[in-house]
Structure formats: C-alpha cells, structure tokens
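Chemist: Here the protein sequences line up with chains A, B, C and D, keeping their order. 11 is the number of the first residue of the first sequence in the working numbering; add one for each residue after it. 11 is the number of the first residue of the second sequence in the working numbering; add one for each residue after it. 11 is the number of the first residue of the third sequence in the working numbering; add one for each residue after it. 11 is the number of the first residue of the fourth sequence in the working numbering; add one for each residue after it. A virtual CB, placed ideally from N, CA and C, is assigned to each residue, including glycine. The structure displayed is predicted, hence computed values, not measured ones.
4 protein chains.
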Amino acid sequence: MPIQTIGRCLRLAVIGGGPGSEIGEVHRIAARLDGCYEIVASALSSHPERSREAGRALGIAADRAYPSWQALIESESRISDRPDVVAVMTPNDSHYEICTAALDAGFHVICDKPLTTNLATAVDLVRKVKETGAEFCVTYCYTGYPMVRQARAMVHSGAIGAIRQVHLQFVQGYLAFNEAPPTWRLDPDRVGASLILIDIGTHAFHLGAYVTGLDVTDLCAEVTHVVPIRKVDDYASLLLRYSNHARGSMWVTNAAAGAEHGLGFRIFGEAGGLEWNQEEPNRLIHYKRDGFKEIVTRRKDHLVSEAARQVTRIEIGHPEGFLEAFANLYSDFANAVAARLCNTSAHDIQRPFPTAEDGAKGMAFVEAAVRSSSLGRWERLGFDYL
Amino acid sequence: MPIQTIGRCLRLAVIGGGPGSEIGEVHRIAARLDGCYEIVASALSSHPERSREAGRALGIAADRAYPSWQALIESESRISDRPDVVAVMTPNDSHYEICTAALDAGFHVICDKPLTTNLATAVDLVRKVKETGAEFCVTYCYTGYPMVRQARAMVHSGAIGAIRQVHLQFVQGYLAFNEAPPTWRLDPDRVGASLILIDIGTHAFHLGAYVTGLDVTDLCAEVTHVVPIRKVDDYASLLLRYSNHARGSMWVTNAAAGAEHGLGFRIFGEAGGLEWNQEEPNRLIHYKRDGFKEIVTRRKDHLVSEAARQVTRIEIGHPEGFLEAFANLYSDFANAVAARLCNTSAHDIQRPFPTAEDGAKGMAFVEAAVRSSSLGRWERLGFDYL
Amino acid sequence: MPIQTIGRCLRLAVIGGGPGSEIGEVHRIAARLDGCYEIVASALSSHPERSREAGRALGIAADRAYPSWQALIESESRISDRPDVVAVMTPNDSHYEICTAALDAGFHVICDKPLTTNLATAVDLVRKVKETGAEFCVTYCYTGYPMVRQARAMVHSGAIGAIRQVHLQFVQGYLAFNEAPPTWRLDPDRVGASLILIDIGTHAFHLGAYVTGLDVTDLCAEVTHVVPIRKVDDYASLLLRYSNHARGSMWVTNAAAGAEHGLGFRIFGEAGGLEWNQEEPNRLIHYKRDGFKEIVTRRKDHLVSEAARQVTRIEIGHPEGFLEAFANLYSDFANAVAARLCNTSAHDIQRPFPTAEDGAKGMAFVEAAVRSSSLGRWERLGFDYL
Amino acid sequence: MPIQTIGRCLRLAVIGGGPGSEIGEVHRIAARLDGCYEIVASALSSHPERSREAGRALGIAADRAYPSWQALIESESRISDRPDVVAVMTPNDSHYEICTAALDAGFHVICDKPLTTNLATAVDLVRKVKETGAEFCVTYCYTGYPMVRQARAMVHSGAIGAIRQVHLQFVQGYLAFNEAPPTWRLDPDRVGASLILIDIGTHAFHLGAYVTGLDVTDLCAEVTHVVPIRKVDDYASLLLRYSNHARGSMWVTNAAAGAEHGLGFRIFGEAGGLEWNQEEPNRLIHYKRDGFKEIVTRRKDHLVSEAARQVTRIEIGHPEGFLEAFANLYSDFANAVAARLCNTSAHDIQRPFPTAEDGAKGMAFVEAAVRSSSLGRWERLGFDYL
C-alpha cells in the first residue's frame with residue numbers, strides 16, 4: 011500500500027534476478043509484500059533478449075524492460091517519474107560497477123550481499139555512498155527477523171549484562187557432495203577470496219555485530235575445504251576477540267552433510283544469554299543467570315521491544331518466516347527513502363537495515379580471516395578507513 | 011506477477027478488512043505476495059465514509075473505493091474491466107448475504123471462514139455456487155502450508171497405512187482472562203451457535219478431513235466455558251468416529267492461559283503416524299512403526315511430494331510461515347480462476363483449496379457438536395444434503 | 011546406605027519379577043539405587059524350581075529363595091529378622107491375594123500397579139490396609155519424577171491459579187501390530203475389564219489427580235480397539251469433568267504406530283499452565299498468562315520447590331530418568347516405614363507416594379469408563395466407599 | 011546381583027567422596043545400581059575421624075572404615091577377602107599418588123577424571139598400569155550413555171562415511187558469577203594448568219575421540235577467563251585438526267550465565283552427521299545427506315547397535331540418565347575384572363570404558379592447548395609416548 015507520508019508507492023527498478031535465479035524472486039516478493047514498492051523497470055539478465063522477455067513476463071511495460079543494466083540506468087535516470095530505488099541482485103563480481111553507476115545516477119540503492127568481492131572496492135563504494143548522500147542497504151537479510159531485532163534490543167537494554175561470549179554458526183549441507191553440480195560457486199576464479207566466508211560467513215559475522223553492537227578486533231582462522239576434491243573452501247572455523255574483550259567463535263560450512271540452514275547465535279553476558287536459530291525464527295531463548303530459561307516469542311504485545319513489534323505483521327503464534335524478514339529490510343529502506351523524499355536530513359534517518367559500511371566490514375573480515383588462515387596466526391581487524 | 015496463461019494479473023475487489031481489522035491486511039498480503047492479483051476496488055467498512063477513505067489509503071482509485079459492499083457489487087458488475095474475484099472478509103454474520111450477492115453478480119468468490127453462521131444458510135450457499143458455476147474458496151488457511159499438503163499426500167500414498175487414530179487440537183490462550191476486553195466475540199447474540207467451534211473448531215475439523223480424506227460420522231462433545239463469568243463457550247472437547255471406523259478426538263479452546271496458537275494434529279495409521287504443529291510449520295514428524303522417527307522438512311527436492319513442492323517458494327531451511335500459507339490459497343484460487351478464464355471446464359479444475367462444501371461441512375459439525383453437548387449423547391454427522 | 015534413623019537398611023522380600031520379567035529388575039534397581047533396602051528373601055516365579063534358582067542367582071541365601079509366595083510369607087513371617095517390606099510384582103490377577111496375605115502376616119507392602127483387577131477387590135484391599143495399619147504403596151511410578159512433584163507443588167502454591175483444563179495422554183505404539191506376539195495382555199480372559207485402561211489409563215488418571223489435587227466426578231468414554239483383528243481394547247478417549255468444574259480429556263492407546271512412551275499432561279489454570287512429557291522428564295514447561303513460557307528444570311537450588319529437591323540426586327543438567335523416579339517411590343516408602351519403626355504415629359507419616367486408595371480410585375475409573383463406553387453416555391465417578 | 015561367571019559380587023573399596031562430595035555418592039550409586047559390587051572398605055575423607063564416621067554411616071564394618079587411604083591400602087592388601095577393585099574419587103592432585111599405591115598393592119582401579127594434573131605423572135601412571143597388568147578405568151562418564159555408544163558404532167560401521175567435521179561443546183554456567191563462592195576450583199595454585207580444560211575440556215576431548223575413533227594432531231587454542239575478576243580460566247575455544255585431515259572446533263566454558271550442562275557434539279562425515287546433547291541423552295540425531303533427519307532413540311530392539319543395547323536397561327521411551335551412564339562404566343569394568351578373575355588373558359578383555367591411556371591423552375591435550383594459547387600459534391599433539 012502507498013507510503014502515507016508521500017501518498018504513493020516507491021518506484022523500484024530491479025537489476026538481475028532473472029530466469030533461474032532464486033534470489034530474484036525473493037527480492038521481488040520482499041518488495042511486493044507490504045505494498046511499498048511498484049516495480050517499474052527491469053534489467054533481469056546479462057543476455058539482452060532474455061532480459062527484455064523476462065521483464066515483460068513480470069508485467070513491466072515493454073519500454074522499461076531493458077536489455078541491460080547500462081541501458082536501464084541511462085534511460086531511467088532521465089525520465090520524470092524515474093525510479094526512487096534501484097535494487098541490484100546480480101552475481102557478486104558485478105555489484106561494485108552497477109552500484110557505483112546507480113549511485114552516480116542519483117538513485118538510492120539496495121544491493122544483495124556481499125557488497126563487493128574485495129575490501130578495496132567495498133571501501134570505495136562506501137566513499138561513493140557518502141559522496142552522493144544516497145540511502146544504501148546491503149541485504150544481510152537475517153537482521154530483518156523480529157526476534158533478531160528483539161535480541162539486539164535486549165542486549166542494548168542490558169538484559170543480559172556486559173557481553174562476554176559470542177558463538178556464531180552457519181552450518182549448511184548443500185555442497186556436501188563430491189560430485190556437486192557445476193556452479194560458479196565452485197569455480198575458484200569467480201569466487202573471490204573465499205567461497206565460504208563471502209557466501210555465508212559474512213552473514214554470521216554481521217549478525218554477531220548487529221546483535222551485540224560490538225566489533226571484532228582480532229581473529230584466528232582455519233579456512234579450508236573438507237570435501238577432498240573441492241577447489242574452493244567449504245569450511246571455516248574462527249576464534250574471535252571483541253572490542254570489549256569478549257571472546258567468540260564461529261563455525262561456517264556448506265559441507266555438513268544433511269544439515270539444512272544452520273544459522274544461529276548464542277551470546278552470553280554477565281547476567282544471562284540469548285540463543286536464536288534461523289530455522290525456528292519466531293523464538294528467542296533467554297537464559298537467565300538467576301532464573302529459568304524463558305522462550306521469548308514474536309508477538310505484538312508489550313512483552314517485546316518496540317524494535318521487534320515494528321517488524322511484526324501478525325499476531326502471536328502465527329509464524330513469520332524468511333520472506334517477511336527480507337521484506338522488513340525493503341520496508342525499513344522504504345521508510346528511510348520516503349523520509350528523505352520528505353526532506354528529512356540524512357542525519358536524522360533511522361536505519362535499522364545494514365548499510366554499505368556493514369558490507370565493507372564484511373569484506374574486511376573475509377580478507378583478515380583468509381590471511382590468518384594462510385599464515386597460521388592471529389590477525390587484527392580494524393575499520394579505521396570507514 | 012501476471013498469470014502467464016492470461017497474460018495479466020487477476021482483478022480483485024475486497025469487501026471488509028478495514029481499519030482495525032487484522033485479517034484484512036492478511037488477505038491483502040496474500041493477494042500481493044505472488045503478484046497474481048491487482049486490487050482494483052474496495053468496500054472496507056460498514057461505515058460509508060471510513061470505507062471510502064480506507065480504500066483510497068490503500069491506493070484504490072477514488073471512484074472504486076466504495077462506501078458499501080452493495081455499491082461495489084452494483085457498480086463493478088457493470089463495467090468492462092470488472093473484477094474477476096470478490097474477496098469477503100467481513101464479520102461472520104454478513105458472509106451469507108454478501109457472498110450470495112457476489113455470486114449472483116457473476117463473480118468468483120473468496121470468503122473468510124466460517125462460511126456462514128448456520129448450516130441452513132451454508133447449504134443454501136453451496137447450492138448457489140453450483141447454480142452459478144463460480145469458483146469459491148473458504149479460507150481455512152492452514153491447509154495452505156506445504157507440510158499440510160505433504161501430510162495429505164503421504165496419507166493418500168499409503169505412507170502410514172489405513173488411518174486408525176486422529177487427534178486434533180487448537181489450544182489458544184487469548185481469551186484466558188476474566189476481564190477480557192469487549193469484543194463481538196464475547197457477545198452471545200452475535201457469536202452464533204458456538205464461539206469456540208465456529209472460531210477455531212472448524213479449522214481443526216477441516217484440517218483433519220483435509221489430511222486424512224475421511225469424514226467424521228459420529229461425535230460426542232462437551233462444549234462449555236471454563237472461564238467462570240463468560241457468556242459464550244471457550245472450550246470444547248470431542249470424541250470422533252470416522253467413516254472408515256478410525257477413532258479420534260479434538261480439544262479446542264481459547265482459554266488456555268499462556269498458550270499461543272496451538273493448532274496441530276497427530277494421525278496414526280496401520281504403519282506409522284504424522285504429527286504437525288502450526289507453530290513449527292516447516293516440519294512434519296513421520297513416525298514409523300518399524301523404524302525411527304523422521305523429520306520431514308519443507309524443501310524443493312524430490313524427497314517431498316509434488317503437492318508440497320508446488321506451494322514452496324524458497325529453499326530448504328528458510329522458513330515460510332502463515333502469510334505464505336494464506337497466499338497459497340489465493341494463488342491456488344488464481345490458478346483455478348485463470349483456467350476458467352481460458353475456458354477449462356469446471357470439471358477439470360484442480361482445487362487444492364477449501365470449497366463451499368468444506369465450509370458447509372464445518373457448519374454441520376458445529377451444529378451436531380452443540381446438539382451432542384446439550385443432549386449429553388453421541389450425534390450422527392451426515393453430509394447427504396451436499 | 012543405611013537409613014540413619016534406624017541405623018540399618020530395610021529388609022525387603024520380593025514376590026514376582028523372575029526371569030523374563032522387565033518390571034522385576036526395575037523394582038530391584040529401585041530398591042538398590044539409594045541403598046535403603048537389602049533384598050533378603052524372594053519368590054520370583056510361579057514355577058517352584060525356577061523360583062528357587064532365580065533367587066539364588068540374585069544372591070539370595072538358599073534357604074530364603076522360596077519356591078512360592080505362600081512359602082515365603084509363611085516362613086518369613088515367623089523369623090526374628092523378618093522382612094520389613096514385601097514387594098509384589100506378579101501378574102495383575104494375583105495382586106489381591108498376595109497383598110492380602112502379606113498384610114495379614116504383618117508386612118508393609120509395595121504393590122505394582124494396577125492394585126487389583128476390579129473395584130470390589132480393590133476396595134476390600136483398602137479396607138484391609140486400614141485394618142492392619144500397614145504402609146502400602148502402589149507403584150504409579152511416574153509420580154516419582156522430580157518435575158511431577160514440582161508441578162504438584164506449583165499447582166498447590168497457586169502458581170497457575172484455579173485449575174480449568176486438564177489434558178492427559180499416554181500414547182504408545184508397542185501393540186500397533188496386527189500380528190503382535192502372543193502375550194497375556196492380548197488374552198481377553200486375563201486382561202480384566204480393559205487392557206488399555208488398566209495397563210496405562212490408570213497411570214494417566216492418577217497423574218492428573220496427583221498434580222491437580224482434584225478428583226474426576228463424571229466421564230464420557232470411548233473404549234475400543236483400533237487394530238481390527240484385536241480381541242482386547244487398545245484405545246480409549248475420554249471427556250472428563252473435575253470436582254471444581256474444571257474440564258478435561260484423556261487419550262490413551264498402545265496402538266499408535268511408531269509412538270514410544272507418550273505419557274504427558276497439559277494443565278491450564280486461571281493464570282497459567284504446566285506441560286510435562288515423560289520422555290523429557292527433567293523439564294516442565296510453565297505457561298504464563300501474562301509473560302513468556304519458562305522452562306523449569308530439575309535442579310537442587312531454590313528456584314524449585316522443596317518437594318522436587320527432596321527427590322533430586324544430582325545437579326542441574328545431569329538428567330535423571332525412569333529408574334530414579336521409580337527409586338524415589340521406594341525411598342519415600344522406606345522413609346515412611348522407618349518412621350513407623352521409630353514409632354511415629356501413622357497419622358503423622360508423610361506419604362508422597364501413591365497409596366491403596368489411589369489404586370482403588372484407578373479401578374473405579376476403569377469400571378466407570380467401560381460402562382460409559384458400552385452405554386454411550388456420561389457416568390458419575392464417586393469415591394464415597396473409600 | 012552377583013556376576014554370574016564368578017558367582018559373587020565384586021568387592022569394592024572406595025577412597026574419597028565423603029561428606030559434602032557430590033561425586034562420591036554418584037560413584038556409590040553407580041556401584042550399587044546393577045548390583046555388581048559390594049562396598050566393603052572405605053577411606054572417605056582426609057580427616058581421620060570424619061573418614062571413619064562417614065564409612066560407618068555408609069554401613070561399612072567399623073574395622074574397614076579407615077581413617078586414611080594409606081591405612082586402607084595397607085590393611086586391605088593383606089586380608090584374604092581383599093577388595094577386587096579400589097575406586098578413587100579424591101581431589102585431582104592426589105589421584106597420582108593414590109592410584110600408584112593401589113596398583114602397587116595389586117588392585118584393579120577406577121579413578122575419577124582427570125587422571126592426574128599433568129602429563130608427566132599421567133604417562134608414568136600409564137606405565138605403572140602396564141607394569142602391574144591391572145585393569146584401570148578413568149570415569150569419562152559420558153561415554154557410558156547408550157546413545158554415545160550408538161554414535162560410536164554408527165561411525166565405525168560407516169553410517170556417515172569418512173569423518174570431515176567435528177564440533178564439540180561443553181557450555182556450563184555454574185561459575186558465571188563475579189562473586190562465586192570460594193572453592194578450590196577458583197584457586198590458581200590447586201587447579202593445575204587450566205581449570206576449564208581439566209575440569210570439562212577433557213570430557214569433550216575424550217568424547218570426540220571416543221565417537222570418531224580419531225586423534226587430534228594439531229590444535230590452536232584461546233584459553234582465558236571471561237569473568238573479569240577471575241584468577242583461573244573459565245573459557246576455551248579451539249581449532250582442531252584430526253589424524254584423517256578432518257577439521258574440528260571446541261567451545262568449553264563454565265561462565266555462560268544461565269546455561270546448564272551443555273555437553274554435546276555434532277559430527278559430520280561424507281554421507282551424513284550425528285548430533286547428541288547430554289541434556290537429552292536418550293536421542294541421537296542422524297543427519298542424512300540424501301534423506302530426512304532421523305531421531306535415533308535408546309531402545310532394546312535391533313534398530314540400534316549391539317553396543318548400545320548392551321548398556322540399555324529399560325524399554326524404549328523410559329529415559330535413562332546420568333547415573334545409569336556412570337553405572338555403565340562400573341558394570342563394564344566389573345565385567346572386565348570378572349573376566350580377569352576367570353583367567354581371561356588381558357589381551358582378550360573387552361574395554362568399552364576409558365582407560366589410563368585415554369586419561370593421559372587428556373592431559374596431553376590440556377598442556378598443548380595451554381601452550382598454544384600462550385604462544386598464539388598452532389601446536390602439535392602427539393601420543394608417541396603412550
């Protein structure tokens with residue numbers, strides 16, 4: 011439905027996510043779900059004819075179903091009812107170029123994670139975002155879950171005291187096969203510094219930072235492959251030190267045979283702990299040092315934080331899932347963009363969604379972990395350049 | 011996105027679900043989620059001015075944001091790009107009149123449950139549906155979950171053998187208060203034969219029939235209120251006999267203090283059993299007489315039935331929830347309507363969604379249960395009139 | 011270890027539980043576990059020679075390893091260091107005769123459940139216990155679990171307010187076979203009024219009464235068999251009314267293919283609820299009307315009731331199981347008997363264990379349920395004769 | 011009950027575990043539970059008079075309730091019905107001296123973990139065991155659980171293929187207090203190289219080796235304290251490499267506020283995985299690369315391995331717990347000792363229990379981890395000296 015402050019839906023252009031892509035439809039459902047966006051233009055494939063056809067099949071007007079992202083940005087930046095937002099869901103190695111062009115053309119941007127494929131381009135993109143003053147979201151989508159927002163609010167309110175231990179994991183099984191089908195993910199030349207860290211490690215890394223509000227300062231990593239014939243890494247395990255002297259660990263893999271999604275955290279503070287697993291996203295386990303465990307559940311009443319309620323659509327006991335979490339980032343972003351359209355100053359915008367800075371921190375994490383693993387020692391992780 | 015066979019989205023008119031309604035936004039999200047519908051007309055409230063305003067706030071064109079459902083049906087039935095479907099989400103006691111009018115005006119209809127408030131009107135509505143030849147869906151929404159579809163497919167394929175025991179429950183706590191706030195649900199004059207059975211008992215009843223493919227033939231019920239000062243019933247417990255001599259039981263309440271949603275089934279057959287709970291909807295427990303329990307999970311691969319895969323949007327481990335289940339009914343219905351628009355004969359239409367007959371069976375169940383409880387004896391439950 | 015108040019272990023004679031019996035070894039482990047008993051005499055089998063051999067194999071002195079229970083009671087009642095307690099774990103239809111004889115000979119008695127096979131003998135046994143003044147325990151063993159004690163203490167302290175709903179279930183699968191092996195349990199002539207109710211229904215019935223402190227006043231039952239060729243019942247489902255107007259239901263079966271043990275309760279009161287399942291016995295779920303669910307766990311600290319702590323041996327997180335629960339009844343009983351040996355008056359004895367009265371109530375329940383099922387109507391359940 | 015092959019119970023002398031000790035009663039229950047042992051002599055405390063009194067309170071004959079362990083070994087080694095087994099459950103820093111003396115006196119020995127407090131004495135004790143030819147058990151008690159035995163049997167049978175990933179954790183909360191009460195555990199002078207690794211890390215380490223059959227070859231550790239004022243370590247996180255190139259990680263802490271016991275493993279191989287958590291010990295989750303997850307449950311039927319059945323006392327669905335697991339080591343050990351008494355050669359003895367070698371490996375692990383942590387680098391872990 012229209013955003014009340016501006017009396018209309020935001021206009022969205024989508025780049026990438028054409029036939030065969032799963033993430034494309036996820037982005038589009040996220041855009042549709044709360045009715046804040048109307049998809050007005052598309053460049054869905056790197057193949058011009060497929061790109062045009064796929065756009066028209068989505069119901070895009072024929073003259074705005076572009077054959078390429080370049081054509082889209084070129085044309086759409088010049089029309090009067092130009093898109094408010096460009097969403098980029100192409101393969102990782104094109105994010106930098108496309109986002110830069112979209113920012114230069116004056117669009118607000120939503121970019122699928124990872125931000126780019128290395129730290130240098132990521133830092134450059136952060137600079138570009140600052141320069142243009144645009145709103146920018148990287149879809150570390152798991153931060154859209156109401157119970158992740160709740161965990162963050164509880165940590166910030168002191169419910170578990172000063173953070174002392176953080177355990178992060180993302181344990182999947184979809185590549186636990188010797189004979190995995192050919193995919194760009196298994197091609198060492200296209201993967202970047204580390205398949206496993208870029209693909210899912212950055213999600214876990216961001217989740218830890220998002221909930222605790224703490225940065226990792228040092229890490230010691232083992233990044234390798236456990237499926238013998240593999241040419242890219244499929245396993246990483248890390249020791250972490252946080253800015254407040256808390257300690258942590260991370261286990262990420264896509265080669266745990268039979269595992270499904272496996273993203274979760276356990277965080278312990280001076281007075282208690284919090285545990286969340288994405289496969290049962292509507293509940294958060296609250297450990298209490300001096301009491302019983304409580305099962306905090308998604309709901310609209312005042313037992314949960316306002317931050318959680320704001321991203322909750324339906325009453326207690328009716329599960330919301332991954333698509334709703336993804337949609338929450340889109341709707342959060344819509345609110346920020348609408349506020350900008352109402353001339354709210356950039357400084358006063360609420361941004362509960364992950365930003366370009368968060369994306370760059372993820373790339374810094376990947377590079378430090380790979381370096382640590384190859385040198386067999388601890389590495390420092392600083393974000394001074396941000 | 012447009013339905014490929016007809017090259018466009020279906021046009022939808024919505025009646026009810028205005029300000030303050032939760033179910034209204036659920037229906038609208040369900041319509042938006044897969045992009046099969048465009049909402050073109052509305053009559054959102056029984057208060058004319060509020061109805062118009064709410065429609066415009068939803069982005070409906072001013073001249074199609076009607077002050078009343080009568081005006082909507084009257085006007086929309088005469089225009090050339092008239093709606094394909096009318097969705098009715100008003101209070102229960104208006105369903106019969108509105109649906110009848112919509113059918114008479116030639117629309118296909120989606121109606122929130124319960125179908126009506128008594129068996130006589132329900133049977134009449136079934137007759138009307140047959141007469142008009144329209145497609146009709148009652149939103150017993152829990153049948154939209156992929157794992158409910160999976161359970162049904164497993165029963166039908168013989169995975170647990172002949173059904174022998176069925177246990178149904180819907181154990182909520184939202185009215186477990188002496189001092190519950192005034193709502194039409196607590197007004198004995200508006201509730202109909204039984205609050206608890208109409209409100210949630212019919213969901214459990216339909217779920218049992220949907221999964222097992224069996225009808226209840228006899229029942230013995232206790233329908234009462236356990237909150238002392240209450241004037242409507244908030245508790246029912248039933249003994250059930252099924253058409254194949256299987257036995258069953260049902261426990262439904264909204265007065266279980268601290269319970270959340272609580273809908274679920276356990277069904278046992280000659281060779282095994284199935285257990286599902288709506289609060290963890292992405293998994294189905296498969297008991298095996300001669301083996302270990304298996305956890306059947308929502309996924310897109312061939313370990314699950316085609317029926318489940320057809321209503322699955324995202325890969326294994328990424329939870330789908332209530333809104334997706336609800337959207338599945340809308341999208342199932344869109345497929346049926348689109349097929350009719352392509353001149354597929356009514357006889358050849360796939361209808362995985364609940365129909366008017368299912369709605370009427372629910373009303374027969376309610377009336378038999380109330381009778382059994384007040385007479386303190388078993389009652390027969392026949393559906394010959396359908 | 012010796013009971014401190016009397017400076018020695020209690021002397022125990024065991025009747026029944028010989029080769030091939032599982033429950034025999036359970037009773038003996040229960041007697042050994044806390045070291046309160048020394049097994050000094052036995053009559054383990056109805057076959058004289060096997061009875062003697064089995065006794066000697068257990069380490070019983072040759073002259074106290076009797077060929078029959080009659081010989082045991084006859085001889086052991088005349089010696090100076092006679093047993094303090096006789097434990098009876100023979101087939102159900104001999105309980106009445108053996109317990110009567112043991113009571114007449116002046117022994118305290120532990121009897122496996124059910125107390126007898128019909129109400130008349132059960133009532134007679136209650137009378138006999140009163141007459142002799144002996145201590146008597148019926149091993150409804152599930153009441154020995156610390157978290158069942160905790161639930162009872164919480165109900166009594168008002169933690170969930172006045173009881174309003176009780177749901178009991180015992181859903182097993184061990185007889186879910188058409189071709190089940192021959193056992194006395196499937197012989198209608200030996201089973202008594204109802205296999206399913208006597209075998210496991212009485213456990214569930216007692217558990218409900220033990221935790222809530224309420225008696226059932228009326229019931230309406232379906233008692234039948236769901237395995238077609240069976241000659242005894244394997245399924246019962248009941249509607250219950252309690253003395254304080256609370257409502258309840260019960261589902262018991264041994265023919266749920268693939269189910270394991272399946273005993274549990276959910277009890278809701280004005281302010282909250284409690285849920286316990288025997289398969290995860292160390293935790294109790296506490297539903298709160300105005301808060302989150304808490305997971306109450308077995309522990310030695312003051313978050314749990316004294317009643318629970320008293321039957322807890324090891325620290326939090328180290329599971330205790332079925333054998334410990336069973337042993338708790340034995341040790342509770344040892345305390346009662348030791349107190350009697352120290353001349354505590356019968357009136358002042360603590361009896362957290364189930365007594366003969368509880369056993370008789372179970373038989374009354376069975377007979378009322380069978381009558382209700384065959385007449386198809388509600389039956390009253392009174393205990394005035396106790 | 012008597013061990014059939016030798017026609018009697020084993021005679022057991024216990025050293026340590028007097029008043030105030032929890033582990034003492036655990037050992038004694040473990041000895042009593044299956045009736046394989048008779049406790050005939052004791053030295054329960056380092057305080058002579060308390061030692062004598064506590065022995066008599068346990069029912070030990072006055073002349074065998076010794077004032078000191080030295081007196082016990084001196085006297086008991088000279089009598090004709092001398093103990094078969096000496097069980098040692100004193101504080102860690104006395105294990106070496108007492109075990110050495112007991113072995114020298116010709117007893118078989120059960121020793122609580124850790125074996126000693128450093129590698130040098132542990133290696134010396136292994137040598138002594140070999141020299142004397144005695145049977146020796148270190149009570150890494152978690153290997154007594156039937157589902158741990160099942161996991162080991164499944165790994166060995168190839169059910170999950172070649173091992174690729176091992177994740178071990180032991181996450182407790184009992185020292186998550188700034189103001190923890192004074193205990194020897196918090197005294198850096200008595201704790202040895204590392205409280206957390208000796209106290210619980212060795213359990214996790216042994217469990218991984220026991221189930222996988224693999225040794226750790228290299229590790230990289232962070233061993234520290236997260237409670238600021240603490241003087242001993244309460245946290246360790248490790249990266250592990252296994253002999254077959256599998257990778258692993260370990261997280262152990264006693265300072266996770268609100269956590270209970272928290273021991274568990276997840277192990278993934280080429281074809282599947284296994285997950286077990288001590289707090290729900292009767293089930294083992296079996297991940298299948300090409301199928302659904304199965305819940306493997308403790309039972310006596312042929313769906314589980316013989317190794318699991320051998321340590322299972324009661325039927326499916328009736329939980330066994332920590333005390334039964336501990337008792338399994340005692341009964342396993344009794345079988346080994348009885349076989350030796352029947353002149354079975356040491357070479358042919360089955361030893362499903364942890365041995366002195368396993369104890370020494372634990373000490374090697376502790377020392378390597380502490381070294382790795384203080385040097386900030388990977389360390390090799392060899393067991394050539396064993």
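Can you list, in chain order, the residues of the segment 322-354 of chain A whose Cβ is nearer than 8 Å to any Cβ on chain F?
Modeler: Absent from the structure: chain F. Protein chains present are A, B, C and D.
Chemist: Whole beta strand (DSSP E) runs in the segment 169-200 of chain C with 3 or more residues, listed along the chain?
Modeler: Qualifying beta strand (DSSP E) stretches, in chain order: 173-181.
Chemist: How is the beta strand (DSSP E) around D/M260 delimited, first residue to last?
Modeler: Segment R257 to T263, the beta strand (DSSP E) holding D/M260.
Chemist: Does the segment 109-118 of chain B come close enough to the segment 300-311 of chain B to have 3 or more Cβ pairs within less than 8 Å?
Modeler: Cβ pair count under 8 Å is below three, so no.
Chemist: Any C-beta of chain D sitting closer than 8 Å to the C-beta of B/K371?
Modeler: Cβ-Cβ to chain D under 8 Å: no for B/K371.
Chemist: Following the continuous beta strand (DSSP E) through A/K303, name the residue where it begins and the one where it ends.
Modeler: Taken as a continuous stretch (DSSP letters only), the beta strand (DSSP E) holding A/K303 covers K303 to T307.
Chemist: With burial defined as no fewer than 16 other Cβ atoms inside 10 Å of the residue's Cβ, what is the status of A/R276: buried or exposed?
Modeler: A/R276 comes out buried.
Chemist: Between C/R390 and B/G386, is the Cβ-Cβ spacing less than 8 Å?
Modeler: No, Cβ-Cβ distance for C/R390 and B/G386 is not below 8 Å.
Chemist: Quick check: what's the CA-CA separation for A/C19 versus C/V158?
Modeler: Their Cα atoms are separated by approximately 57 Å.
Chemist: Can the beta-carbon of C/L249 be found closer than 8 Å to that of C/L273?
Modeler: No, the Cβ-Cβ distance between C/L249 and C/L273 is not below 8 Å.
Chemist: For B/L43, which residues in the same chain have their Cβ closer than 6 Å to its Cβ, ignoring the five residues on either side in sequence?
Modeler: Taken in chain order, the residues that qualify are A337.
Chemist: Can you list, in chain order, the residues of its chain with a C-beta nearer than 6 Å to that of C/Y297? Leave out the 5 residues immediately preceding and following it.
Modeler: The answer, listed in chain order, is G282, G283 and K303.
Chemist: As an exercise, report each continuous beta strand (DSSP E) stretch of at least 3 residues that is fully enclosed by the segment 30-74 of chain D, in chain order.
Modeler: You should have 47-53.
Chemist: Report yes if the CB atom of A/A132 is closer than 8 Å to the CB atom of A/M373, and no otherwise.
Modeler: Cβ distance < 8 Å, so A/A132 and A/M373 count as in contact.
Chemist: Quick one: what's D/C230 bridged to in DSSP?
Modeler: BP columns for D/C230 point to D/L249.
Chemist: What three-state label does DSSP hand A/K123 in the structure shown?
Modeler: Coil.
Chemist: Answer yes if the segment 239-247 of chain B comes into contact with the segment 142-152 of chain B, meaning at least three C-beta pairs across the two stretches below 8 Å, and no otherwise.
Modeler: No, because fewer than three Cβ pairs between the segment 142-152 of chain B and the segment 239-247 of chain B fall closer than 8 Å, the two stretches do not touch.
Chemist: Give, in chain order, every residue of the segment 37-62 of chain D whose Cβ lies closer than 8 Å to some Cβ of chain C.
Modeler: Under the 8 Å Cβ criterion, the segment 37-62 of chain D contributes R38, I39, R42, L43, D44 and G45.
Chemist: According to a CB-to-CB cut-off of less than 8 Å, which residues of the segment 66-79 of chain C neighbour chain D?
Modeler: Against chain D - using a Cβ distance shorter than 8 Å - the residues of the segment 66-79 of chain C are A67, L68 and G69.
Chemist: Counting only beta-carbon separations shorter than 8 Å, does A/T263 have a partner in chain D?
Modeler: Chain D contact via Cβ: present.
Chemist: Do you know how far the Cα of B/G331 is from the Cα of D/V136?
Modeler: Their backbone Cα atoms lie some 58 Å apart in a straight line.
Chemist: Around the C-beta of C/P124, are 16 or more other C-beta atoms found within 10 angstroms, so that it is buried, or is it exposed?
Modeler: C/P124 comes out buried.
Chemist: How would you write the range of the alpha helix (DSSP H) that A/G372 sits in, first residue to last?
Modeler: First-last of the alpha helix (DSSP H) with A/G372: A366 to L385.
Chemist: What does the alpha-carbon distance come out to for the pair D/D103 and D/A97?
Modeler: So the alpha carbons of these two residues sit roughly 15 Å apart.
Chemist: Indicate the three-state DSSP secondary structure (helix, strand or coil) for D/F332 in the structure shown.
Modeler: D/F332: helix per DSSP, three-state reduction.
Chemist: Assuming contact is defined by CB atoms lying nearer than 8 Å, are B/N254 and B/A172 in contact in what I supplied?
Modeler: Yes.
Chemist: Measure the Cβ-Cβ separation of D/P156 and D/V321 and say whether it is below 8 Å.
Modeler: The answer is yes: Cβ separation under 8 Å.
Chemist: Quick one: what's got a C-beta closer than 8 Å to B/E59's C-beta in the same chain, skipping five residues either side?
Modeler: Same-chain partners within the cutoff: P77.
Chemist: Tell me the DSSP secondary structure of B/C352 in three-state form.
Modeler: Three-state DSSP puts B/C352 in coil, outside helix and strand.
Chemist: Who are D/I25's beta bridge partners in DSSP?
Modeler: D/I25 pairs with D/A53 and D/V98.
Chemist: Based on Cα-Cα distance, which residue from A/R21, A/I70, A/A378 and A/R251 lies nearest to A/T227?
Modeler: The residue with the shortest Cα to Cα distance from A/T227 is A/R251.
Chemist: Out of B/F343, B/T15, B/G27 and B/A41, which has the shortest C-alpha to C-alpha gap to B/L333?
Modeler: Considering only alpha carbons, the answer is B/A41.
Chemist: D/V233 and D/A379 look like a contact to me (Cβ under 8 Å); what is the Cβ gap, rounded to whole Å?
Modeler: Yes, D/V233 and D/A379 are in contact; Cβ-Cβ is about 6 Å, under 8 Å.
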